[in-house]
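Engineer: One structure, pasted below without further comment.
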Amino acid sequence: MSSLPSPRLTTALSADQQERLMACGRPVDLPEGTRLFEEGDPAQRFWILRTGTVTLDFAVPGTQPAVIDTVNAGELLGWSWLFAPYRWHFGAEAMTRVRAYEFDALTVRMMMDADPALGSALGHLVGQTLARRLVSARVRLLDLYAPHGSGL
Numbered sequence: 238m239s240s241l242p243s244p245r246l247t248t249a250l251s252a253d254q255q256e257r258l259m260a261c262g263r264p265v266d267l268p269e270g271t272r273l274f275e276e277g278d279p280a281q282r283f284w285i286l287r288t289g290t291v292t293l294d295f296a297v298p299g300t301q302p303a304v305i306d307t308v309n310a311g312e313l314l315g316w317s318w319l320f321a322p323y324r325w326h327f328g329a330e331a332m333t334r335v336r337a338y339e340f341d342a343l344t345v346r347m348m349m350d351a352d353p354a355l356g357s358a359l360g361h362l363v364g365q366t367l368a369r370r371l372v373s374a375r376v377r378l379l380d381l382y383a384p385h386g387s388g389l
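And the structure:
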């Protein structure tokens with residue numbers, strides 16, 4: 238949906254940084270239909286998807302949540318864990334069975350503080366992810382709400 242490429246852990250972090258980060262992740266297996274988080278809830282973890290697809294959505298009063306993007310294998314799911322007040326800005330649901338690595342946000346933030354190079358690399362990855370999500374959300378909102386034929 239977005240014109241920006243999906244940032245990948247394998248290109249954002251050195252092999253040593255990847256190894257250190259992955260050492261604190263735990264594998265999870267999530268059935269199709271699992272709600273991973275809700276907009277406004279505390280953002281205490283994040284995921285790197287190994288397989289499957291997750292949709293990101295936001296609440297629309299009086300109707301179903303509007304899907305604004307999808308997250309696929311190899312991509313980072315979640316950026317709100319890095320920025321105070323650490324609350325989810327969107328909701329997320331597994332559209333297929335998802336296998337992922339789950340990370341505790343506090344542990345990773347402490348790792349980032351202790352190692353500025355890792356902090357910079359992860360911050361850059363999260364920033365790229367955030368930029369992609371915002372572009373995707375903008376495009377999707379225009380698709381949903383711009384008057385047909387308005388040129389928007």
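238 is the number of the first residue of the sequence shown in my numbering; add one for each residue after it.
By construction, the Cβ of each residue, glycine as well, lies at the ideal position given by its N, Cα and C atoms.
State buried or exposed for residue 312, treating a residue as buried only when at least 16 other CB atoms are found within 10 Å of its CB.
Structural biologist: buried
Engineer: Please report the straight-line C-alpha distance between residue 241 and residue 351, rounded to a whole angstrom.
Structural biologist: Note that residue 241 scores 44 on pLDDT, short of 50, meaning its location in the model is unreliable; the coordinates nonetheless yield the value given after this. When rounded, the distance between both Cα atoms is 31 Å.
Engineer: In angstroms with no decimal places, state the Cα-to-Cα distance between residue 346 and residue 295.
Structural biologist: 26 Å
Engineer: Please name the residue or residues paired with residue 337 in a DSSP beta bridge.
Structural biologist: 265, 286
Engineer: Quick check: the Cα distance between residue 253 and residue 271, rounded to an integer number of angstroms?
Structural biologist: In this structure, the alpha-carbon of residue 253 lies about 32 Å from that of residue 271.
Engineer: What beta strand (DSSP E) runs, 3 residues minimum, are completely inside the segment 294 to 348?
Structural biologist: 303 to 309, 328 to 331, 335 to 341
Engineer: Flag residue 282 as yes when its Cβ comes closer than 7 Å to any non-hydrogen atom of the ligand ADP, and as no otherwise.
Structural biologist: In the structure shown, the ligand ADP is absent, as is every other ligand, since no ligand is present at all.
Engineer: Helix, strand or coil: how does DSSP classify residue 292 here?
Structural biologist: Correct three-state label for residue 292: strand.
Engineer: Please tell me whether residue 374 and residue 306 are closer than 8 Å, where the distance is taken between their beta carbons.
Structural biologist: yes
Engineer: When you compare the CB positions of residue 328 and residue 284, do they come within less than 8 Å of one another, or not?
Structural biologist: No, they are not a contact pair.
Engineer: Keeping to the same chain, check which residues put their C-beta closer than 8 Å to that of residue 363; ignore five residues upstream and five downstream.
Structural biologist: 313, 316, 319
Engineer: Taking 8 Å as the CB-CB limit, is residue 367 close to chain C?
Structural biologist: Of the chains in the structure shown, none is chain C; there is only one protein chain.
Engineer: Across which residues does DSSP place residue 279 in a beta bridge pair?
Structural biologist: Answer by DSSP bridge pairing, in chain order: 324.
Engineer: Under a Cβ-count criterion, where at least 16 other Cβ atoms within 10 Å of its own Cβ denotes burial, should residue 259 be classed as buried or exposed?
Structural biologist: exposed
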